[in-house]
Structure formats: structure tokens, C-alpha cells
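K.L.:
Just passing along the structure, written as C-alpha cells.
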Amino acid sequence: MVRVRIWDLPTRLFHWGLVLCVTGLVITGNVGGNAMMWHFRLGYCVWTLLLFRVFWGFVGGYWSRWSQLTLNPSRVWAYLQGRDRFTHFAGHNPLGSWSVVAFLLFLCVQVGTGLISDDEIANMGPLSSLVSSHWVSLATSWHKGWGKSTLILLICIHGLALIWYRWKKNQSLVQAMWHGDKPMPDSVAPSTDHGQSRAWALVLLLVSAMAVFWIVSLGG
1 MVRVRIWDLP TRLFHWGLVL CVTGLVITGN VGGNAMMWHF RLGYCVWTLL
51 LFRVFWGFVG GYWSRWSQLT LNPSRVWAYL QGRDRFTHFA GHNPLGSWSV
101 VAFLLFLCVQ VGTGLISDDE IANMGPLSSL VSSHWVSLAT SWHKGWGKST
151 LILLICIHGL ALIWYRWKKN QSLVQAMWHG DKPMPDSVAP STDHGQSRAW
201 ALVLLLVSAM AVFWIVSLGG
């Protein structure tokens, strides 16, 4: 087996930062009250991370790019049936590729609805004043109801998938996302992960944070 740098440091920090923020969002959302102040802050952090990941998907490490996601439906079906010609995937496998896209898109919807939600008690999204009351009502209902429940369900499915891969296929996906390297049966193209690429990632993160700050400020 050959150890190859698959996940660059910015991608790994994004992943674990998202884990912490989403966990915090679930906790603060359920606690409510004064914890909602942190709920909003964590929501802005998630939005910043999502924007960064979109950019990084075009210029980041080789295996972190959108072009490397296996999204062909026939490959997904073959993978589910155990007929895929690859037994070791450097990046995300076909099912994992769709899971990444679905989870990120769902988080975008959840953050977006949170920005225009209003519980009519003490908490109001920063952009709720810019849309009609009809859309505010729909966004609030989704964000606090089906949206929250679906998010918790997706987190549980993700955790169970990690356990299944470790038990059934003897593949520890967590370790690769922690230190970046992954054992492969053959040498593959490694992801770029040096000082210059990390500096660019920091610039993109700052740009994303400023974009979030500017958009939030539009609501006054």
C-alpha cells in the first residue's frame, strides 16, 4: 500500500470546522433562549465555510475539486451492487460523492431559511425584513421543523456510514480526513498541500467571511 496525500489541510479544517459548527447549531437551536445568539453566530460561520468550500472546489487540492466527484448515476448503481471496478477510491466513492453534494446543498437551504426566519418572539433572521411575510412564514416553518429534523437525520446517517465502512470494509475514513493521507494499492496523483496553497485558502476564507458580513448587513 502507498500512502498518498488525499485531503489537503484547508479541506480537513473545513470538514472539522463544519462538524463543530453544525453540532453547535443543533445544540443551541434546541436550547433556545440566550443560546440563540450563538446559534446565529454559528450560522454565519457555516455560511462562510460553505462559500469557501464552493471556491475551494475549483482551485483546491486535486481530490477536493468538484471535478473529482463521481456523480455518474451508473457508477453509483454499480457501486451499490458491488460491481464497480474500483475497490479503493482515493477521494469520495460514488455514493459518498452524492452524499457530499446533497449535504452541502441541504446546509445551504437550512442557512438560507434561517436568514429570513422569524419566531415572532425574540429571534428574527437578519434578512427577514427584505422578504414578504409569506416567505418568512414558510422559511421559519421549514427551518424549525423539517429542516432541523432532516439535518439530525443526515448527521446520524453519516455517523452510521462511517461505522459501516470501518466494520464491513475495514476502511477508516475518519483517519484520512484527520491527517490527510490515505493508503492506496497504487500510486495516484496527490493533492497539492503546501504553504502557498494554504495561503490562498486563507484568502478565500477571508473573502467568504467578508461576503457573509456584507450580505447580512443588507438587512440593517
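Quick note, the sequence shown lines up with residues 1 to 220 if you use UniProt numbering. No residue lacks a Cβ here, since even glycine has one placed at the ideal position from N, Cα and C. Bear in mind the structure is a predicted one, so any value in this text is a computation, not a measurement.
(1) Which same chain residues end up closer than 8 Å to Leu95 when comparing Cβ atoms and leaving out the 5 residues on each side of it in sequence?
(2) Kindly indicate which three-state DSSP category Arg83 falls into: helix, strand or coil?
(3) Measure from the alpha carbon of Leu107 to the alpha carbon of each residue in Val54, Ser132 and Pro126, then state which is nearest.
(4) Using a Cβ-Cβ cutoff of less than 7 Å, which residues in the same chain neighbour Gln171 once the five nearest sequence positions on both sides are dropped?
(5) Given this structure, state the Cα-to-Cα distance separating Ala209 from Pro183, to the nearest angstrom.
(6) If you follow the beta strand (DSSP E) that Val188 is in, where does it begin and where does it stop?
(7) Per DSSP, which one or two residues make a beta bridge with Met184?
(8) What separation, rounded to the nearest whole angstrom, lies between the Cα atoms of Val136 and Gly195?
(9) Is the separation between the beta-carbon of Gly147 and that of Gln110 shorter than 7 Å?
(10) Is Arg3 closer than 7 Å to Asp181 when the C-beta atoms are compared?
(11) So what does Asp118 bridge to, in DSSP terms?
(12) Suppose the cutoff is 8 Å on Cβ atoms and the five residues either side in sequence are ignored; what does the same chain contact list for Phe14 look like?
(13) Could you compute how far the alpha carbon of Gln5 sits from the alpha carbon of Ala35?
(14) Look up Gln171 in the DSSP assignment and say whether it is helix, strand or coil.
(15) What residue does the alpha helix (DSSP H) around Thr28 start on, and which one ends it?
P.N.:
The short version:
(1) Within the same chain, Leu95 has close Cβ partners Val76, Tyr79 and Leu80.
(2) Three-state DSSP puts Arg83 in coil, outside helix and strand.
(3) Of the listed residues, the one whose Cα sits closest to Leu107 is Val54.
(4) Hits under 7 Å: Tyr165.
(5) Between the C-alpha atoms of Ala209 and Pro183 there is a straight-line separation of about 35 Å.
(6) Counting along the chain, Val188 sits inside no beta strand (DSSP E), nor does DSSP assign it H or E at all.
(7) Answer is Val2.
(8) Distance from the CA atom of Val136 to the CA atom of Gly195, rounded to whole angstroms, is 44 Å.
(9) Gln110 is positioned such that its CB atom lies closer than 7 Å to that of Gly147.
(10) Taking 7 Å as the Cβ cut-off, Asp181 and Arg3 qualify as a contacting pair.
(11) DSSP, once it has assigned bridges, lists Met124 as partnering Asp118.
(12) Closer than 8 Å at the Cβ level, and outside the excluded window around Phe14, lie Leu49, Phe52, Arg53 and Trp56.
(13) Checking the displayed sequence, the identity of residue 5 turns out to be Arg instead of Gln. Looking at the two C-alpha atoms, the distance is approximately 39 Å.
(14) Coil.
(15) The continuous alpha helix (DSSP H) containing Thr28 extends over residues Leu9 to Val31.
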